[in-house]
Amino acid sequence: MEHALFLLWDDSFYYLEIARNIAAGRGSTFDGLQPTNGYHPLWMAICVKLFAAGIPETWAPRAVLGLGLGLWGAVLWSVLRKAGPLAMVAGVLLGTQAFVLKGITNGMESAVV
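Numbering (the numbering used here), first residue to last: 96 to 208.
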């Protein structure tokens, strides 16, 4: 999984490690020794499902990032399809700006929220 993590922020790395441990039956733990909590349960459930679905560990982070991007695209489309032409252009330019995309495709629960 290590070569796929260069796109992720530190907290998303923790999410994925905890999800990997839960899917492997080791419980809610980051390091395999101490239990942990304090994460968004819906997003953790989604991440666990990706690992439990049999997706290879090297592809699970990519699946999380792709899911975030897909959710953002759906939100952007649902908002902009009712907008006028000028608002649509502005929305596409702002919604696809690099900082916005990094904030959405960061492996965190912000994509679900």
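Ideal Cβ placement from N, Cα and C applies to all residues, glycine included. This structure is a prediction, so every number in the text was calculated from the model and none was measured.
Among G120, G179, A114, nearest to P136 - alpha-carbon criterion: Taking the sequence shown and counting its residues from 1, the one referred to as residue 136 is at position 41. Comparing Cα-Cα distances from P136 to each of G120, G179, A114, the minimum goes to A114.
Other residues of its chain near I150: CB distance less than 8 angstroms, five sequence neighbours each side excluded: Taking the first residue of the sequence shown as 1, we reach residue 150 at position 55. A158.
Buried versus exposed, by CB contacts within 10 Å (16 or more), W172: Here residue 172 refers to the residue found at position 77 when the sequence shown is read from its first residue. The residue is exposed, with fewer than 16 neighbouring Cβ atoms inside 10 Å.
Beta-carbon gap between Y110 and M139 smaller than 8 angstroms: Within the sequence shown, the letter at position 15 stands for residue 110. Within the sequence shown, the letter at position 44 stands for residue 139. In this structure, M139 lies closer than 8 angstroms to Y110 by Cβ.
Same chain only: Cβ atoms within 6 angstroms of G190, ignoring 5 sequence neighbours per side: Taking the first residue of the sequence shown as 1, we reach residue 190 at position 95. Correct list, in chain order: L171.
Extent of the continuous alpha helix (DSSP H) run through I150: Against the sequence shown, residue 150 aligns to sequence position 55. From DSSP, I150 is part of no alpha helix (DSSP H); its letter is neither H nor E.
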